[in-house]
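Q: For reference, the structure I am asking about is given below.
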Amino acid sequence: MVTNISYIFLISMLLILGGCAFKALISIAQGKPVEINLINPLNLKPRWPKETKEK
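All the letters of the sequence shown, read from the start, carry residue numbers 186 to 240 under our numbering.
Written out as structure tokens, the structure is:
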């Protein structure tokens, strides 16, 4: 069981680091500076609309 959890952690870390490296390569290819955001490395944002106050 510990082995399965460690494999899930390993695969997750590889995917996150690979995605960050791929994003950095795309930025370099486009001539943009590479931005590293440690708080939100995958740049995840909420996709649902914000609630607006109706009068």
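In this text, a Cβ means the ideal position worked out from N, Cα and C, and glycines have one as well.
Quick caveat, the model's predicted, so the values are computed rather than measured.
Using CA atoms only, rank isn't needed, just tell me which of P234, K208, I190 is closest to P218.
A: Counting from 1 along the sequence shown, the entry for residue 218 is found at position 33. The residue with the shortest Cα to Cα distance from P218 is K208.
Q: Express the C-alpha separation of L223 and R232 in angstroms, rounding to a whole number.
A: On the sequence shown, residue 232 is found 47 positions in, with the first residue counted as 1. On the sequence shown, residue 223 is found 38 positions in, with the first residue counted as 1. The straight-line gap from Cα to Cα measures roughly 21 Å.
Q: Using beta-carbon positions only, say whether I211 and L227 come within less than 8 Å of one another.
A: Residue numbering aside, residue 211 sits at position 26 when the sequence shown is read from its first letter. Residue numbering aside, residue 227 sits at position 42 when the sequence shown is read from its first letter. No, these two residues do not count as a Cβ contact at 8 Å.
Q: If I follow the unbroken alpha helix (DSSP H) through P187, where does it start and stop?
A: Within the sequence shown, numbered from 1, the residue matching residue 187 stands at position 2. Per the sequence shown, residue 187 should be read as Val rather than Pro. 187–214 is the extent of the alpha helix (DSSP H) around V187.
Q: Measure the alpha-carbon distance for L195 versus K230 and round it to whole angstroms.
A: In the sequence shown, residue 195 corresponds to position 10, counting from 1. In the sequence shown, residue 230 corresponds to position 45, counting from 1. Taking the straight line from one Cα to the other gives about 24 Å.
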